[in-house]
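Engineer: Sharing a structure, written as structure tokens. Questions coming.
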Amino acid sequence: MKRFAIQLLKFAIPFVLLFSLFLSDFPVLNYEILNSELEEKIISLKIDTSRLNIIIAGDSRAERQLMPAIFNTNTGLSTINIATTGCDLVTVVSAIKKKYADSAKLCFIISASSWQVNDGAIDHGYLSLNCFQKLSKIGKFILYKKYLSELLGMQVQLFKEFVHSVVGNRNCLRIDSNAYPELGFIGIEGRFKVQDKSSLNTLLSNHSWYKNNSNSGFRWAIFQNSLKELEKINAPCIIYQPPVSSYWKSNTENSFIDIAEMDYSRKVTMEIQKYKNIVFFDFYSNDIRELDDSMYYDYQHLNRQGAEIFSGFLAKKFMESYECR
Amino acid sequence: MLFNSLDFAIFLPVVFILYWFTTKGNYRLQNFLLLIASYFFYGCWDWRFLFLLFFSTLLDFYTGIKIHEATNQKNKLLWLWLSVTVNLGFLGIFKYYNFFATSFASGLSLLGFQTNFTSLQVLLPVGISFYTFHGLSYIIDLYKNRIAPERNFVNYSVFVSFFPLLVAGPIERATHLLPQILKKREFDYSKAVDGMRQILWGLFKKIVIADNCAEYANTIFNNSEGYSGSTNVLGALFFTFQIYCDFSGYSDIALGTARLFGIDLLRNFAFPYFSRDVAEFWRRWHISLSSWFKDYLYIPLGGSKGGLWLKIRNTFIIFIVSGFWHGANWTFVVWGLLNALYILPSIVFNTNRNNLDIVANGKYLPSLKELFAMIFTFVLTVFAWIFFRASSVRGAFRYISEIFSGSLFTTPYFPGIGRSLPIIFITCLFLIVEWFGRTNQYAMEGIEAKLNRPTRWTIYYGIILAIFYFAGKEQQFIYFQF
Chain A
370 MKRFAIQLLK
380 FAIPFVLLFS
390 LFLSDFPVLN
400 YEILNSELEE
410 KIISLKIDTS
420 RLNIIIAGDS
430 RAERQLMPAI
440 FNTNTGLSTI
450 NIATTGCDLV
460 TVVSAIKKKY
470 ADSAKLCFII
480 SASSWQVNDG
490 AIDHGYLSLN
500 CFQKLSKIGK
510 FILYKKYLSE
520 LLGMQVQLFK
530 EFVHSVVGNR
540 NCLRIDSNAY
550 PELGFIGIEG
560 RFKVQDKSSL
570 NTLLSNHSWY
580 KNNSNSGFRW
590 AIFQNSLKEL
600 EKINAPCIIY
610 QPPVSSYWKS
620 NTENSFIDIA
630 EMDYSRKVTM
640 EIQKYKNIVF
650 FDFYSNDIRE
660 LDDSMYYDYQ
670 HLNRQGAEIF
680 SGFLAKKFME
690 SYECR
Chain B
5 MLFNSLDFAI
15 FLPVVFILYW
25 FTTKGNYRLQ
35 NFLLLIASYF
45 FYGCWDWRFL
55 FLLFFSTLLD
65 FYTGIKIHEA
75 TNQKNKLLWL
85 WLSVTVNLGF
95 LGIFKYYNFF
105 ATSFASGLSL
115 LGFQTNFTSL
125 QVLLPVGISF
135 YTFHGLSYII
145 DLYKNRIAPE
155 RNFVNYSVFV
165 SFFPLLVAGP
175 IERATHLLPQ
185 ILKKREFDYS
195 KAVDGMRQIL
205 WGLFKKIVIA
215 DNCAEYANTI
225 FNNSEGYSGS
235 TNVLGALFFT
245 FQIYCDFSGY
255 SDIALGTARL
265 FGIDLLRNFA
275 FPYFSRDVAE
285 FWRRWHISLS
295 SWFKDYLYIP
305 LGGSKGGLWL
315 KIRNTFIIFI
325 VSGFWHGANW
335 TFVVWGLLNA
345 LYILPSIVFN
355 TNRNNLDIVA
365 NGKYLPSLKE
375 LFAMIFTFVL
385 TVFAWIFFRA
395 SSVRGAFRYI
405 SEIFSGSLFT
415 TPYFPGIGRS
425 LPIIFITCLF
435 LIVEWFGRTN
445 QYAMEGIEAK
455 LNRPTRWTIY
465 YGIILAIFYF
475 AGKEQQFIYF
485 QF
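Right, dumping it as structure tokens:
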């Protein structure tokens with residue numbers, strides 16, 4: 370038995386060492402934006418921070434739902450939209466720290482969907498590299514325990530980012546100054562089609578956002594830390610939980626999806642009360658009457674027409690909140 | 005708790021340490037610990053089915069004693085039938101009720117009668133086909149006076165529910181496993197190392213080959229109408245390796261795990277894809293099930309002793325029942341029937357026991373005759389697997405008709421074919437390793453005698469890296485559904 374244990378240990382040591390090295394943290398990356406799409410967008414938009422007042426950031430539900438032009442008109446403040454698909458609060462905060470930490474007069478409007486605090490939402494694109502970087506080793510293993518190859522894939526990406534940051538090679542970014550004619554807003558036309566019950570049930574049961582829903586784990590702790598960092602920046606921030614179509618709401622009422630969304634709203638509301646510079650608007654629980662189902666191109670995303678109304682509505686809410694301060 | 009899960013990677017070392025460090029070589033304590041571990045392992049699927057497992061175990065334990073104590077043949081037979089009926093009754097209700105009810109209703113509707121039957125909304129208890137057969141083998145062996153009854157419930161329960169074999173076999177015999185359970189197990193270094201190696205090899209087969217082949221097999225089988233004949237052939241080949249590596253990988257992990265606890269289980273696979281005829285294939289594929297059917301069904305039916313027609317009848321019964329054992333679907337019955345037809349010529353011409361030894365024994369390469377025989381048998385097997393994989397018999401025939409469409413001799417193509425190339429390469433490499441290791445219990449068994457430690461360890465590290473690198477989403481083992 371002793372011989373077996375010694376041999377096993379001898380065999381395991383090099384492997385564990387190699388593996389630990391591979392899974393090591395890279396503290397230098399805590400100061401990087403590990404999202405090339407976001408970096409490309411920021412550079413492509415050629416933002417002049419001295420003339421800028423509002424930055425819209427977050428995921429697709431800001432990218433495709435908030436029009437800077439409407440904000441410019443309704444508030445008189447210069448606005449830009451740097452939101453990109455799948456961009457979570459952790460990534461937004463790292464971008465703010467890297468690019469705008471010194472711009473004291475800036476305000477931030479950030480969409481924050483519930484998937485970013487769900488430990489089970491780890492399908493491709495739903496766990497950002499910034500968030501992954503902030504996970505502990507145990508956290509990484511627990512989140513990816515059934516998807517070890519994806520854990521390795523993420524770690525390889527992180528390692529590549531580490532090499533880039535050490536070598537200082539970021540030439541791979543694709544900069545296109547004509548890519549964002551609407552100040553970073555990307556409008557989508559059309560409206561969603563109603564599905565039959567069985568297709569909808571399949572969609573609901575396999576929805577990546579709510580998979581193995583767990584809103585109080587590692588990602589929630591990282592989300593809380595991001596809020597603390599936002600507080601340190603001390604710029605006025607609005608974080609919002611985006612609206613969904615009434616078709617979606619009626620079909621998910623009291624389901625695990627509805628429970629997850631409500632739980633998320635409740636927790637963020639409670640958490641944000643701790644921070645003076647952050648306001649939270651919950652448009653999931655509080656419907657905007659003007660947005661009917663014809664204004665959604667899918668169940669959870671507004672189309673261009675809806676984005677126009679929503680932008681006007683949020684601009685108004687922003688002014689109320691801003692003036693009040 | 006799957007063998008290829010992180011949960012099992014924690015569970016196994018914990019049980020292993022407790023087993024060897026706390027029981028101090030006391031076989032009663034060892035059995036007690038194994039029983040608790042096995043029930044915990046099974047309860048991780050669905051704790052409610054623990055009651056069914058417990059009841060089935062208790063029933064066979066009690067009827068076993070009663071059979072032994074019965075003073076006349078009539079009473080013996082009565083207890084035997086009680087056990088057989090209740091065991092098969094459970095299996096029938098959980099596994100076959102809905103199938104028979106829908107088949108009956110469809111049959112009646114063809115005759116113009118409309119019926120309403122109530123379907124059972126129950127989950128199939130994992131491993132029920134396996135532990136039911138364990139219990140039946142014990143009861144039948146007792147009835148035939150091959151063994152004495154076990155009078156300690158814990159010992160008997162370990163025989164039925166020993167966790168490495170609980171959910172997908174091998175289907176053990178009381179004559180083989182019970183004597184091992186009834187004696188003290190001492191730690192054996194070489195046995196434990198060999199067990200670890202077999203587990204590693206099993207994980208490689210399952211995670212690297214089976215799970216990756218599954219992805220491409222599913223892609224092709226689910227959209228077969230959109231693909232060329234050659235692509236559908238490739239889909240069938242992917243499934244052929246998926247099912248072999250899935251089930252034999254599971255068996256390797258089970259056997260290896262059992263060896264860590266000082267217990268040898270029955271061998272389940274012996275390189276079946278190197279068989280030279282279908283009869284040989286069935287001596288090498290799912291050996292514990294084939295031999296179970298041979299001993300408890302084929303021979304009681306008269307076996308091969310009553311003339312050619314009886315032999316043919318018995319063979320067909322065995323294969324159809326075996327197909328049906330796999331699942332409540334006509335596809336499995338057709339698969340069984342097809343295998344019976346394959347084996348028919350060798351029964352008629354009495355050549356079914358021609359190839360009892362290992363192919364090309366003592367040689368590096370097979371002769372041309374052996375090679376052609378192996379390829380021919382392999383092609384027949386691949387063809388039969390189409391029925392096993394298809395969701396319906398009609399679907400299987402559609403798939404076959406698509407294979408034999410005009411596009412059979414075109415270059416195969418499906419989305420992801422580029423990604424599948426490394427897996428095709430690894431599968432070829434795997435076949436080479438299997439070929440050179442075909443004289444062993446499993447392909448890597450002989451590695452210790454042939455290679456020095458640094459080379460061996462490099463290979464092990466390589467396999468572990470491949471397992472991590474190619475691991476996709478954790479997949480259930482195919483045979484768990486049976």
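Quick note, the sequences are listed as chains A and B, same order.
The opening residue of the first sequence carries number 370 in the working numbering; numbering runs sequentially from there.
The opening residue of the second sequence carries number 5 in the working numbering; numbering runs sequentially from there.
Don't be surprised by glycine CBs; every beta carbon is placed ideally from N, CA and C.
These figures come from a predicted structure and were not determined experimentally.
1) Within 10 Å of its beta-carbon, does D198 (chain B) have 16 or more other beta-carbons around it, so buried, or fewer, so exposed?
2) Given a cut-off of 8 Å on the beta-carbon distance, is the pair G556 (chain A) and N450 (chain A) in contact?
3) With a CB to CB cut of under 6 Å and the five nearest residues on each side skipped, what residues in its chain are close to A274 (chain B)?
4) Check whether the Cβ atoms of F285 (chain B) and P276 (chain B) lie closer than 8 Å to each other.
5) Based on the DSSP output, what are the partners of H670 (chain A) in its beta bridges?
6) Helix, strand or coil: which one does DSSP assign to F650 (chain A)?
7) By the DSSP assignment, the alpha helix (DSSP H) with A426 (chain A) in it spans what residues?
8) Consult DSSP for I449 (chain A) and reduce its assignment to one of helix, strand or coil.
9) Quick one: give me the first and last residue of the beta strand (DSSP E) that C48 (chain B) is part of.
10) Please identify, using Cβ separations under 7 Å, the residues of the stretch 511-531 of chain A that lie next to chain B, in order along the chain.
11) Tell me which residues share the same chain as L527 (chain A) and place their Cβ nearer than 8 Å to its Cβ, disregarding the 5 neighbours each side in the sequence.
12) What's the call for M639 (chain A), buried or exposed, on a 16-neighbour Cβ count within 10 Å?
13) Can you tell me the Cα-Cα spacing of G311 (chain B) and V237 (chain B), whole angstroms?
14) Taking 6 Å as the limit between beta carbons, can you name the residues of its chain near Y616 (chain A), skipping five residues before and five after?
15) Which of the three DSSP states is assigned to F477 (chain A) in this structure?
16) Ordered along the chain, which non-local residues of its own chain (more than five positions away) have a Cβ less than 8 Å from that of I316 (chain B)?
17) In chain B, which residues lie less than 7 Å from M370 (chain A) when you measure between Cβ atoms?
18) Taking I373 (chain A) as the query, report the chain B residues whose CB atoms sit under 8 Å from its CB, ordered along the chain.
19) What does F380 (chain A) reach in chain B if we use C-beta pairs closer than 8 Å?
20) For L33 (chain B), collect the residues of the same chain with a Cβ closer than 7 Å to its Cβ; drop the 5 residues on either side in sequence, then sort them by chain order.
21) If you draw a straight line from the alpha carbon of A105 (chain B) to that of Y135 (chain B), how long is it in whole angstroms?
22) Under the rule that 16 or more other beta-carbon atoms within 10 Å means buried, what is P458 (chain B), buried or exposed?
23) When you compare only the Cα positions, how much space is there between G494 (chain A) and F336 (chain B)?
24) Out of curiosity, what's the CA-to-CA distance linking V338 (chain B) and I404 (chain B)?
25) For a test of the three-state rule: what should DSSP assign to C606 (chain A), helix, strand or coil?
26) By DSSP, does Y23 (chain B) sit in helix, in strand, or in coil?
27) Three-state secondary structure (DSSP) at S141 (chain B)?
28) How would you label L127 (chain B), buried or exposed, when you count the other beta carbons within 10 angstroms and need 16 or more for buried?
29) For the alpha helix (DSSP H) containing G199 (chain B), list its first residue and its last residue.
30) Would you say F472 (chain B) reaches chain A, if we count a Cβ-Cβ gap shorter than 8 Å as a contact?
31) Is I467 (chain B) close to chain A? Criterion is C-beta to C-beta, closer than 8 Å.
32) Pick from A:E551, A:S567, A:E622, A:A629: whose alpha carbon is nearest that of W589 (chain A)?
33) Touch check for the stretch 207-215 of chain B and the stretch 425-433 of chain B: three-plus C-beta pairs under 8 Å?
34) Do you know how far the Cα of I463 (chain B) is from the Cα of N456 (chain B)?
35) Taking the alpha carbon of L375 (chain B) as the point to measure from, which residue in B:F278, B:D361, B:I467 has its own alpha carbon closest?
36) Examine the Cβ distances between the stretch 242-252 of chain B and the stretch 380-396 of chain B and report whether three or more of them are shorter than 8 Å.
Structural biologist: Put simply:
1) Position 194 of the second sequence, counted from the start, is the residue given in the question as residue 198 (chain B). Looking at its Cβ environment, which holds 16 or more other Cβ atoms inside 10 Å, D198 (chain B) is buried.
2) Stepping through the first sequence from its first residue, residue 556 (chain A) is reached at position 187. Stepping through the first sequence from its first residue, residue 450 (chain A) is reached at position 81. The answer is no: Cβ separation not under 8 Å.
3) Mapped onto the second sequence, residue 274 (chain B) falls at position 270. If we look at A274 (chain B) and ignore the five residues flanking it on each side, its Cβ neighbours are R288.
4) On the second sequence, position 281 is the one that residue 285 (chain B) refers to. On the second sequence, position 272 is the one that residue 276 (chain B) refers to. For the pair F285 (chain B) and P276 (chain B), the CB atoms are nearer than the 8 Å cut-off.
5) Sequence index remark: in the first sequence, residue 670 (chain A) carries index 301 (1-based). Partner(s): A:D667.
6) Residue 650 (chain A) sits at position 281 when you count from the first residue of the first sequence. Correct three-state label for F650 (chain A): strand.
7) Position 57 of the first sequence, counted from the start, is the residue given in the question as residue 426 (chain A). In the DSSP annotation of this structure, A426 (chain A) is not part of any alpha helix (DSSP H); the continuous beta strand (DSSP E) holding it starts and ends at 423-426.
8) As a position in the first sequence, residue 449 (chain A) is number 80, starting the count at 1. I449 (chain A) falls in the strand class under three-state DSSP.
9) Along the second sequence, read from residue 1 onward, the residue named residue 48 (chain B) stands at position 44. For C48 (chain B), no beta strand (DSSP E) segment is defined, and its DSSP state is neither H nor E.
10) K514, K515, Y516, L517, S518, L521
11) For this step, residue 527 (chain A) is matched to residue 158 along the first sequence. Shown here for L527 (chain A): same chain residues with a beta carbon closer than 8 Å to its own, the five before and five after excluded, namely F395, L398, L403, L498, F501, Q502 in chain order.
12) In the first sequence, the residue the question calls residue 639 (chain A) occupies position 270. Exposed, by the Cβ-count rule.
13) Along the second sequence, one-based indexing puts residue 311 (chain B) at 307. Along the second sequence, one-based indexing puts residue 237 (chain B) at 233. Roughly 39 Å between the two C-alpha positions.
14) Translated into the one-based positions of the first sequence, residue 616 (chain A) becomes position 247. So the list reads D662, once near-sequence residues are dropped.
15) Locating residue 477 (chain A) in the first sequence gives position 108, where the first residue counts as 1. Three-state DSSP puts F477 (chain A) in a strand.
16) Along the second sequence, read from residue 1 onward, the residue named residue 316 (chain B) stands at position 312. L348, I351, V352, listed in sequence order.
17) Here residue 370 (chain A) refers to the residue found at position 1 when the first sequence is read from its first residue. Against chain B, a Cβ distance below 7 Å from M370 (chain A) picks out W24, F191.
18) On the first sequence, position 4 is the one that residue 373 (chain A) refers to. The sequence given here has Phe at residue 373 (chain A), not Ile. Within 8 Å Cβ-Cβ: F191, Y193, A196, V197.
19) Taking the first residue of the first sequence as 1, we reach residue 380 (chain A) at position 11. Among the residues of chain B, those whose CB is under 8 Å from the CB of F380 (chain A) are W461, Y464, following chain order.
20) Here residue 33 (chain B) refers to the residue found at position 29 of the second sequence. Contacts found: T27.
21) As a first step, residue 105 (chain B) is located in the second sequence; it is residue number 101 there, counting from the start. As a first step, residue 135 (chain B) is located in the second sequence; it is residue number 131 there, counting from the start. Approximately 25 Å between the Cα atoms of the pair.
22) Position 454 of the second sequence, counting from 1, holds the residue named residue 458 (chain B). Flag for P458 (chain B) reads exposed.
23) Sequence index remark: in the first sequence, residue 494 (chain A) carries index 125 (1-based). Sequence index remark: in the second sequence, residue 336 (chain B) carries index 332 (1-based). Roughly 40 Å separates the two Cα atoms.
24) The sequence position of residue 338 (chain B) within the second sequence is 334, counting from 1. The sequence position of residue 404 (chain B) within the second sequence is 400, counting from 1. If I take the Cα positions, the gap works out to 14 Å.
25) Position 237 of the first sequence, counted from the start, is the residue given in the question as residue 606 (chain A). The answer is strand: DSSP assigns C606 (chain A) an E or B state.
26) What you label residue 23 (chain B) is simply residue 19 of the second sequence in a count that begins at 1. Reduced to three states, the DSSP call for Y23 (chain B) is helix.
27) Numbered from its first residue, the second sequence carries residue 141 (chain B) at position 137. S141 (chain B) falls in the helix class under three-state DSSP.
28) Here residue 127 (chain B) corresponds to residue number 123 of the second sequence, with the count starting at 1. Exposed: under 16 other Cβ atoms inside 10 Å.
29) If you number the second sequence from 1, residue 199 (chain B) lands on position 195. First-last of the alpha helix (DSSP H) with G199 (chain B): 193-207.
30) Mapped onto the second sequence, residue 472 (chain B) falls at position 468. So yes, F472 (chain B) belongs to the interface.
31) Stepping through the second sequence from its first residue, residue 467 (chain B) is reached at position 463. By this cut-off, I467 (chain B) is not an interface position.
32) Here residue 589 (chain A) refers to the residue found at position 220 when the first sequence is read from its first residue. Taking only the C-alpha atoms, the option nearest W589 (chain A) is A:A629.
33) In this structure the stretch 207-215 of chain B touches the stretch 425-433 of chain B; the number of beta carbon pairs closer than 8 Å is three or more.
34) Residue mapping note: residue 456 (chain B) aligns to position 452 of the second sequence, counting from 1. Residue mapping note: residue 463 (chain B) aligns to position 459 of the second sequence, counting from 1. The straight-line gap from Cα to Cα measures roughly 11 Å.
35) Within the second sequence, residue 375 (chain B) is the residue found at index 371, counting from 1. Ranking the options by Cα distance to L375 (chain B), first place goes to B:F278.
36) yes
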